[in-house]
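Asker: Protein chains in written order, with our numbering: chain A, 427 to 839; chain B, 427 to 839.
1) Could you check whether the Cβ of residue 498 (chain A) sits closer than 9 Å to any Cβ belonging to chain B?
2) Could you tell me the boundaries of the beta strand (DSSP E) in which residue 664 (chain A) lies?
3) What are the residues of the stretch 726-750 of chain B that lie near chain A, defined by any Cβ-Cβ distance shorter than 8 Å?
4) Hey, could you find the ends of the beta strand (DSSP E) residue 465 (chain B) is sitting in?
5) Taking only runs of the alpha helix (DSSP H) that begin and end inside the stretch 765-828 of chain A, which ones reach a length of at least 4 residues, in chain order?
6) Out of A:782, A:724, A:773, A:832, which has the shortest C-alpha to C-alpha gap to residue 763 (chain A)?
7) For residue 740 (chain A), which of helix, strand or coil comes out of DSSP?
8) Using a Cβ-Cβ cut-off of less than 7 Å, list which residues of the stretch 781-799 of chain B approach chain A; keep chain order.
9) Hey, out of B:512, B:431, B:477, B:761, whose CA is closest to residue 783 (chain A)'s CA?
10) Given 8 Å as the limit, tell me if residue 723 (chain A) has its C-beta closer than that to any heavy atom belonging to the ligand FMN.
11) Closer than 9 Å, CB to CB, is residue 842 (chain A) near chain B or not?
12) In chain order, what residues of the same chain lie with their CB nearer than 8 Å to the CB of residue 806 (chain A), ignoring the 5 residues before and after it?
13) Classify residue 697 (chain A) as buried or exposed, calling it buried when 16 or more other Cβ atoms lie within 10 Å of its own Cβ.
14) Have a look at the DSSP bridge pairing and note the partners of residue 673 (chain B).
15) Please decide whether residue 683 (chain A) counts as near chain B, where near means a Cβ-Cβ distance under 9 Å.
16) Using a C-beta cutoff of 9 Å, does residue 713 (chain A) count as contacting chain B?
17) Give a yes or no on whether 9 Å exceeds the smallest Cβ distance from residue 501 (chain B) to chain A.
18) If you follow the beta strand (DSSP E) that residue 595 (chain B) is in, where does it begin and where does it stop?
19) Indicate the three-state DSSP secondary structure (helix, strand or coil) for residue 715 (chain B) in the structure shown.
20) Could you give the distance in angstroms between the alpha-carbon of residue 495 (chain A) and the alpha-carbon of residue 703 (chain B)?
21) What do you reckon, are the CB atoms on residue 771 (chain B) and residue 738 (chain B) nearer than 9 Å?
22) Beta carbons nearer than 7 Å to chain B: which residues of the stretch 759-782 of chain A have them?
23) Listed from N- to C-terminal order along the chain, which residues in the stretch 695-713 of chain B have their beta-carbon within a distance smaller than 8 Å of any beta-carbon of chain A?
24) Only counting runs of 4 or more residues, tell me where the alpha helix (DSSP H) segments fall wholly within the stretch 478-528 of chain B, in order along the chain.
25) In angstroms, rounded to a whole number, what distance separates the CA positions of residue 832 (chain B) and residue 828 (chain A)?
26) By Cβ distance below 6 Å, which residues in the same chain neighbour residue 579 (chain B) in space, the five residues on each side in sequence not counted?
27) Alpha carbon to alpha carbon, what distance is there between residue 583 (chain B) and residue 706 (chain A)?
28) Measuring CB atoms only, is the stretch 435-442 of chain B touching the stretch 567-576 of chain B, in the sense that at least three cross pairs come out at less than 8 Å?
29) Which residues, taken in chain order from the stretch 506-536 of chain A, show a beta carbon closer than 9 Å to some beta carbon of chain B?
30) When Cβ atoms are compared, which residues of the stretch 470-483 of chain B fall closer than 9 Å to chain A?
31) When the distance is taken between beta carbons, is residue 535 (chain A) closer than 9 Å to residue 501 (chain A)?
32) Step through the CB atoms of chain A and report whether any lies within less than 9 Å of the CB of residue 549 (chain B).
33) Need the endpoints of the alpha helix (DSSP H) that residue 685 (chain B) sits in, please.
34) Flag this pair as touching only if the stretch 717-733 of chain B and the stretch 518-535 of chain A have three or more C-beta atom pairs under 8 Å; answer yes or no.
35) Looking at the structure shown, is residue 473 (chain B) part of a helix, part of a strand, or coil, going by DSSP?
36) Are the Cβ atoms of residue 820 (chain A) and residue 752 (chain A) separated by less than 9 Å?
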């Protein structure tokens with residue numbers, strides 16, 4: 427049961443001029459479900475991506491990196507679910523390349539113009555015959571309104587499809603940003619992979635787009651955690667078709683830069699949060715707002731110490747305002763000269779904030795019933811002021827329930 | 427239900443000349459259970475300790491560090507369960523000092539000759555009246571044979587008392603090492619704390635003892651993980667009374683040094699493993715044997731990545747040889763230039779080893795039924811060869827079951 431997450435409304439997913447999506451049933455691992463998605467881009471689009479840091483990165487991730495580095499204009503993305511093509515050695519690489527080659531032949535573009543993505547079971551080879559046989563149907567299905575179907579077709583064990591769409595004004599023109607995402611990190615066991623895609627018709631210079639995708643990833647997909655596991659296939663790609671008709675955004679001083687930047691981050695955060703809301707067995711969304719650090723890195727370290735702690739996560743599942751577990755996690759986050767007497771911790775919900783810890787222990791004003799009241803919410807913010815600088819970071823995570831163990835222990839049985 | 431762990435046999439716990447232990451019911455948090463333990467040392471004993479790196483370290487840990495640094499000969503240890511005296515600010519420090527002062531008065535020694543330890547609920551103050559009122563009974567109970575009672579009195583939510591005893595020959599004399607431990611790291615939620623104590627009648631120079639306790643801690647208590655949480659109160663103390671009558675061990679070249687060192691590490695590993703075997707909800711003991719690293723640090727990083735992964739731990743609970751999760755954890759352990767094509771992974775039980783991964787994926791010789799057979803054991807070794815150096819590290823962890831969530835979600839309710 428996802429936390430405050432509804433399926434996307436197909437009418438609210440604005441098509442992005444220059445982008446078409448088509449999904450088909452290729453029978454890669456299961457019959458009678460769409461598992462192959464083709465995204466085509468008109469000539470002139472600019473594409474930037476960030477990928478998993480896992481050394482066991484999957485074959486398609488390696489090929490994506492190669493093709494983006496090759497400098498060829500990207501004309502298509504091909505995404506399969508069911509099998510992740512990870513831990514598949516040389517054969518896996520050959521399969522990812524063959525997939526790109528087949529899409530390239532179909533579209534009459536170079537193989538380097540195609541980016542491949544896979545998500546699903548690790549250590550199994552792609553059924554190349556069935557995958558390639560499904561391509562013509564995916565191609566026949568491509569249309570600008572394909573987002574709703576595609577958001578469903580890229581799901582693995584996600585319980586709800588994830589898509590976000592926004593429109594903003596840039597230099598007097600309407601710019602659209604529409605995106606979709608699936609399954610967080612290793613959140614879905616062998617069905618590894620967080621995938622995120624955002625398309626826009628904004629016109630953005632390539633170096634700026636490269637920088638923006640890194641910044642947006644840092645503030646969204648790289649600021650969520652479900653169980654601390656990093657998948658072999660994580661990918662986040664932004665496609666900018668440049669069709670909106672406004673003057674090119676070439677620098678932070680360009681007209682509309684800040685509006686576009688905020689909209690891009692906003693859509694990315696929405697897609698990333700949706701992954702946490704649909705975390706395995708999640709019953710609560712926790713926002714970790716860590717302030718007062720010397721740098722953003724130490725704020726993130728504190729946030730991840732809290733967000734990865736099974737003790738904190740099980741306490742939130744139980745709606746137990748167990749402050750000791752939060753303080754202990756802050757204490758072992760690795761800040762060697764942290765002054766625990768100065769830091770403060772609040773629990774917050776929509777109705778306000780309760781100071782729970784100060785001076786190295788429970789706040790004098792804290793009453794257990796105030797903590798308990800906040801813990802009953804489905805969305806809770808833990809705010810920490812480290813009182814040693816001006817840096818800040820926000821992370822999102824979910825709680826840890828019986829269902830997490832059930833889903834992960836039963837997955838292959 | 428602990429994994430292959432039996433209660434200690436009182437007859438097998440050799441008294442250590444110069445050491446007496448007494449336990450009493452002080453009613454610190456619960457009635458009718460021994461919760462206060464006094465350990466007294468005859469003059470001339472040498473004591474060394476290592477303590478939690480958590481910045482929220484508890485008041486008794488701060489006082490232990492001060493008293494060991496003061497250079498006064500240590501004459502007593504006082505251990506209470508029920509309340510951890512952590513996150514208690516200035517009042518907690520005052521209480522820890524007052525406890526030492528009271529023990530010092532009772533024994534007519536300086537306050538700096540006393541080391542205090544607490545384990546239990548965080549963020550609550552010690553009931554000093556009851557604690558101090560229990561001291562005379564604890565003192566009246568001290569005797570050389572007090573280990574069995576003490577091992578029980580320091581338990582919090584441990585299900586089985588943990589004690590290990592060994593005798594070895596050093597320069598023709600019998601040297602005894604007897605120790606006890608309790609609850610792993612944050613393994614027992616608010617009942618935080620891993621405590622470990624080893625006493626010996628060996629005669630060891632102080633600088634060497636300081637080095638040996640660090641080495642033994644590194645190879646034992648600092649090589650286990652249940653849930654990755656580090657407690658505010660973790661402490662490991664070695665007491666050497668020097669009564670065995672052999673020439674002082676002053677350097678690694680001294681007669682009997684290696685025998686004593688191995689015995690100390692052996693007892694420490696036994697006490698640390700017992701904590702993992704009694705991990706919350708544990709049904710399996712996993713040994714992580716990581717070889718072929720450039721240094722021990724990267725071997726430990728890979729071991730902890732595997733040992734902390736909820737996905738790996740739930741797969742072991744399910745007896746599922748889910749290789750993808752193990753490989754993914756190795757991949758995100760932070761070794762930037764790891765060559766995944768060269769590393770190998772084996773699953774082992776008492777009957778032998780099965781090569782499960784090589785060349786970046788599943789081993790060609792691997793059969794799922796071989797993996798499944800090994801996974802049915804209660805004790806399993808995951809052996810990884812990183813193939814990039816000669817360093818090695820061994821860690822121990824347990825699986826992750828429904829009961830882990832149950833214990834931690836229900837703890838305070």
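Cβ atoms here follow ideal geometry from the backbone N, Cα and C, with glycine treated the same way.
It should be emphasised that the depicted structure is a prediction, and the values quoted were computed from it without experimental measurement.
Answerer: Inspection of the coordinates gives the following:
1) no
2) 661-666
3) 734, 735, 736, 737, 740, 741, 743, 744, 746, 748, 749, 750
4) 462-467
5) 794-801
6) A:724
7) For residue 740 (chain A), the secondary structure class from DSSP, reduced to helix, strand or coil, is helix.
8) 785, 786, 787, 788
9) B:512
10) Annotation note on the ligand FMN: not contained in the displayed structure, which lists no ligands.
11) Summary: the structure shown does not reach residue 842 (chain A), with chain A confined to residues 427 through 839, and so no result is reported for it.
12) 710, 711, 712, 713, 742, 773, 774, 775, 800
13) buried
14) Residue 673 (chain B) is not bridged to any residue.
15) Among the residues facing chain B, residue 683 (chain A) is not included, as its CB has no counterpart in that chain under 9 Å away.
16) Residue 713 (chain A) is outside the set of residues whose beta carbon lies under 9 Å from a beta carbon in chain B.
17) no
18) The continuous beta strand (DSSP E) containing residue 595 (chain B) extends over residues 588-596.
19) strand
20) Approximately 50 Å, taken between the alpha carbons.
21) no
22) 761, 764, 766
23) none
24) Listed in chain order, the complete alpha helix (DSSP H) runs (minimum 4 residues) inside the stretch 478-528 of chain B are 485-496.
25) 7 Å
26) 449, 460, 463
27) 29 Å
28) yes
29) 510, 512, 513, 514, 515, 516, 517, 518
30) For the stretch 470-483 of chain B, the residues whose beta carbon sits under 9 Å from a beta carbon of chain A are, in order, 478, 479, 480, 481, 482, 483.
31) yes
32) yes
33) 683-703
34) They do not touch, by the three-pair rule.
35) strand
36) no
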